[in-house]
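Residue numbering for the sequence shown follows my numbering, starting at 1 and increasing by one per position.
For each residue, glycine too, the CB sits at the ideal point set by N, CA and C.
Quick notes on the structure that follows.
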Amino acid sequence: MYLHNTLASFTSIIDELYRRDRNDDGLENSVYCLYISPLKSLANDIHRNLEVPLEGITSILEERGEDVGEIRHAIRHGDTSSSDRQKMLAETPHILNTTPETLAILLNSPKFREKLRTVEYVIVDEIHSLAGGKRGTHMAVSLERLAALTHEEFTRIGCSATIEPLSRVAEFLVGQCEAPRASDGRVARDENRPSNHASELEAREQTENSVSREPGAVPRTADERTGSEATREPREAPRASERGAGSEATRESSDPGDQTRDYELVDARFAREFDLELECPTDDLINTSRDIVQDRFYHMLHEHIQDHTNTLVFTNTRSGAERVLHNLRERFDEYDEDNSGCHHGSLSKEVRQGIESRLKDGDLEVVTSSTSLELGIDMPHVDLVVQVGSPKSVAALLQRVGRAGHRVGQTVTGRVIALDRDELVECAVMLKKAEEGFVDSVSIPENAQDVAAQHVYGMAIAEIRPESEVKAILRRAYPYRNYGEDDFEQLMRYLTADYAGLEDRNVYAKVWRDENDPPNGEHHHESFPVGEPLIGKRGRLARVIYMTNIGTIPDSFTCDVSTRGSNEWVGQLDESYLDTLEKGDVFVLGGDHFEYRYRRGSKVYVDRTSARPTVPSWYSERLPLSYDLGCEILAFQRELLERYESGGPPAVRAWLRELPLDDDSVRALARLFDYQLRYAGPESVSTDSRLVVEVERDRQEYERHYYVHSAYGRKVNDGLSRLLAYECAQEATANVQVAVADNGFVLSMPLNRKVDLEGILEDLRPEDVRDKLRNALSGTDLLQRYFRINATRSLMILKRYKGYEKSASEQQVSSEMLLGFAEDLEEFAVIEETYREILEDKLNVAEIEGIVGAMAAGDLEVSRHLLDSPTPRAFGLATLSASDVVLAEDESAALQAFHEHVLEEIGEESLAGLSGAVSNE
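Now the structure itself:
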């Protein structure tokens, strides 16, 4: 019997609480189990699901005539009313469902934090959605603060269906034992200290596979059986037959220098059967008109829905989810408001909850969604998931299709429909790797100073503490295991406002530091030894400021767009879209073209232009391709070239038919690469050992385009393109325009300027990448935005103060007034964290260093091709400027023109030969 992993986690806890309530002296009026969820809706769902087993147990005991104990459970998050919060003090739930942000608040609530001293179990649900971001970092420190508060070490249980690598995420969950530090801040070994003091901790991970990689390296498959990071050869995934349908592994270290707490892995990734397939509406996505492709797509989708009971359709954007539902209702009489719906984050809470309830009850035949239904809300009637386009990672694919088949013995059925050729390649590799048990690895932020600022401030507010205790709690959290003395001193200089002029700008000290040295000590506390460095809070409103401003989810806003000359308002842009814009970039808004000039606070100033767009309008809304999957695409292309060399297109088609692809997908992929190789040769295809650069001279637009086929995903490509654009602009003394996609990027400059891009790539050194990329970020809108986010997280800018709430646009204005001053301060924590987050978390600088290092070592060659028209694999890059919906016809025309040029070059005879081969299969 298959149990939902979260309910399976609760089963033994409920049993233990009932046993203790009946056989011991009863349960105290306090919390024994914390359930932490990334979503309020998920916490609500689990809260409802707990009622059934608890009521069932009560009913059985009553029938037996036995004493019925009471196991109370409640939910507490931002929507909980003040009256309900007060009731929890008088009658405290034994099981409390909450969110990471609310847990941090509870740890600083003078009365309720006492109710947490009895916590013995913590369940972290959907841990994959937390570990890779600062919400997870914040939660990890909260768990260590909780561990310092409780009477005994508590058991930690992590639940996820798509997390990788298991051992790293388990270490993130369980944290570190306290490690003594040397004077330079490094971990010092103490041979007399036991390696662990929490041997009962468990990390229960429900997962699909195990993959381990070091930053910047090609992903490598790991065998997690032993709970360690044992590695296989690159890209060799363990087969299903090697792994079993459920396994357990215990990690117990005998190394005295290893401070990770012990944990246990429970791997149930093969408890369910999967039925996945890639489909395509046609075998020719170039010559088939958009109308025909769309018509076939909706008929395919309609047939799938009619063949199943309840279907969940995922798109990659909110507008896409709305559009698919609208077109289904317009095209087919079978769908109306009674049996179909849409669910995404822009809808009201009431609408979303209504859709969730009807979906759980099986009342809706089809629901379209972007990402809002991706996490584990229980939907027992869904028996098919359709993914439209690439979800950009194997983890996201498995998470989404995992919404189907929740009944015992049911197969998880998922269909992926690709609507363009670049996504066809992505999806083919994605399904191939999913069948092999591959999951993209999670990258955990480290040493984030903004999160550290919140928690150090919170600990100082809770009580006066020795500095050593504050540092020890931070360092026991996995993201801060390497947090050195220099990092802490940098943070404390900010928190104590130890910079001239800082308080003049209304940024005040939040904590004090004292050596506790009477009689001259400013803050002498007799309960601590003389000479013990202490930390305490400053300011009477410290607790209120902390409670109303903590958290890591940034506010966002839309910017008004106006022309410079006439100050005419022309529309609005989401601020995240501005991350991609540089001065001179052209974009489409309301069907018109505008050239970006500059931003002031929440206002963007532009000039009207007739130039073609350089940045597509969808850029900020789509998820980026994962780096791991990008590396697998490059390996896939290498293997495809080997098949082509050994047996031509027939060998490629035969190989592709071994994968979970329908026949149209096989033919379309085979045709794409056949045209590519006939037109430009095998050296024109990037692989895991070759990076291809196409140079096109566009005489019509009088531009030179460099198409870099770096299929590492948009994060890496964003960083690498910024780095190269910075170097090219210096060499060519010209403005370099950049357009970025998941399968590469384009650098464009005037035709009378040219650079040796191959030479620039080969001359780069990995040790210079970070500094050069940091220089390239100086003065950008990206830096301004992330400084505002980090200044707000660091409580340098207060969102709420004395009843006034400062909007995100007002925060931006405040941050721009502070940015110039802050950049001039020596090693200012908020500035350093801003650059760290952009470089490490947004632009994947470690992976860029790995790529540059591979080129420097000769493991990755650069192959340059001079062409008059882009190759088929570059069509998507070449049409980035025409990717807006309003320019769909222009994009089709451009693709057709590129395609006709390719056919002319490879000759009518080869085209006829290919068509004959296809028709004879």
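Please state if the CB of aspartate 517 and the CB of glycine 531 are separated by a distance shorter than 9 angstroms.
yes
For glutamine 399, tell me which candidate among Val386, Gly713 and Asn567 has the shortest Cα-Cα distance.
Val386
What did DSSP end up calling histidine 381 once you bin it into helix, strand or coil?
coil
Among Ser129, Leu54 and Ser37, whose alpha-carbon lies nearest the alpha-carbon of threonine 98?
Ser37
So, with DSSP's three-state summary, where would you put methionine 430?
helix
By the DSSP assignment, the alpha helix (DSSP H) with cysteine 631 in it spans what residues?
627-656
Here's the rule I'm using: 16 or more other beta-carbon atoms within 10 Å means buried, otherwise exposed. How should proline 165 be labelled?
buried
Alanine 668 beta carbon less than 9 angstroms from that of cysteine 280:
yes
Option nearest aspartate 498 by Cα separation, candidates Phe828, Ala856 and His525:
Phe828
DSSP three-state call for valine 769: helix, strand or coil?
helix
Can you round the beta-carbon distance between valine 367 and glycine 409 to whole angstroms, since I take them to be within the 8 angstroms contact cut?
The Cβ separation is near 24 angstroms, so there is no contact.
Which term fits glutamate 242, buried or exposed, when burial requires 16 or more other beta carbons within 10 angstroms of its beta carbon?
Low confidence applies to glutamate 242: its pLDDT is 34, below 50, so where it sits in the model is not reliable, and the reading given next is rough at best. It is exposed - the Cβ of glutamate 242 has fewer than 16 other Cβ atoms within 10 Å.
Quick check on the DSSP output: the alpha helix (DSSP H) that includes proline 100 runs from which residue to which?
100-106
If we count the other Cβ atoms within 10 Å of its Cβ and call it buried at 16 or more, is asparagine 192 buried or exposed?
Residue placement at asparagine 192 cannot be trusted, given a pLDDT of 34 that sits under 50; the coordinates are not used to answer.
Proximity of leucine 276 and leucine 424 at Cβ, strictly below 9 angstroms:
no
Using the Cα positions of histidine 901 and glutamate 826, report the straight-line distance between them to the nearest angstrom.
56 angstroms
Out of curiosity, what's the CA-to-CA distance linking isoleucine 633 and glutamate 365?
35 angstroms
Alpha carbon of glycine 354 to alpha carbon of aspartate 363, nearest angstrom
11 angstroms
Which of the three DSSP states, helix, strand or coil, is assigned to serine 863?
strand
Residue range of the unbroken alpha helix (DSSP H) whose run includes tyrosine 598:
Where tyrosine 598 is concerned, there is no enclosing alpha helix (DSSP H), although the beta strand (DSSP E) it sits in stretches over 592-600.
Tell me asparagine 97's beta-bridge partners as DSSP assigns them.
Tyr35 and Ile75
With respect to the beta strand (DSSP E) encompassing arginine 156, which residues constitute its N-terminal and C-terminal limits?
155-158
Go ahead and label isoleucine 60 buried or exposed: buried means 16 or more other beta carbons lie within 10 angstroms of its beta carbon, across all protein chains shown.
exposed
Assigned exposure category for glycine 433 - 16 Cβ within 10 Å defines buried
It should be noted that the sequence gives lysine, not glycine, for residue 433. Lysine 433 should be labelled buried.
Which partner residues does proline 466 have in the DSSP bridge list?
Leu534
Under 8 angstroms by Cβ, that's how I've got alanine 954 and aspartate 383 pegged, so tell me the actual separation to the nearest angstrom.
Because residue 954 is not part of the residues shown, which for the chain are 1 to 921, the question remains open.
In chain order, what residues of the same chain lie with their CB nearer than 7 angstroms to the CB of arginine 697, ignoring the 5 residues before and after it?
Arg704, Leu751 and Asp868
Tell me, please, which residues DSSP counts as bridged to glutamate 277.
Arg415
Buried or exposed (CB count within 10 angstroms, at least 16 for buried), serine 814:
buried
Lysine 603, enclosing beta strand (DSSP E) - first and last residue:
603-608
8 angstroms contact criterion, which valine 716 and arginine 770 should meet: CB distance rounded
No, valine 716 and arginine 770 are not in contact; Cβ-Cβ is about 14 angstroms, not under 8 angstroms.
Which residues bound the beta strand (DSSP E) around glycine 133?
Segment: none, glycine 133 is in no beta strand (DSSP E) and carries neither H nor E.
Proximity to phenylalanine 737 [Cα-Cα], best of Ser686, Tyr335, Ala893 and Ser721:
Sequence inspection shows glutamine at residue 737; the phenylalanine mentioned does not correspond to that position. Among Ser686, Tyr335, Ala893 and Ser721, the Cα nearest to that of glutamine 737 is on Ser721.
Since valine 507 is in the alpha helix (DSSP H), which residue starts that stretch and which ends it?
Unbroken run through valine 507: none, as it is neither H nor E.
Reducing DSSP to helix, strand and coil, say where aspartate 125 ends up.
coil
Compare the Cα-Cα distances from threonine 371 to each of Arg318, Glu334, Glu322 and His326 and report the closest residue.
Arg318
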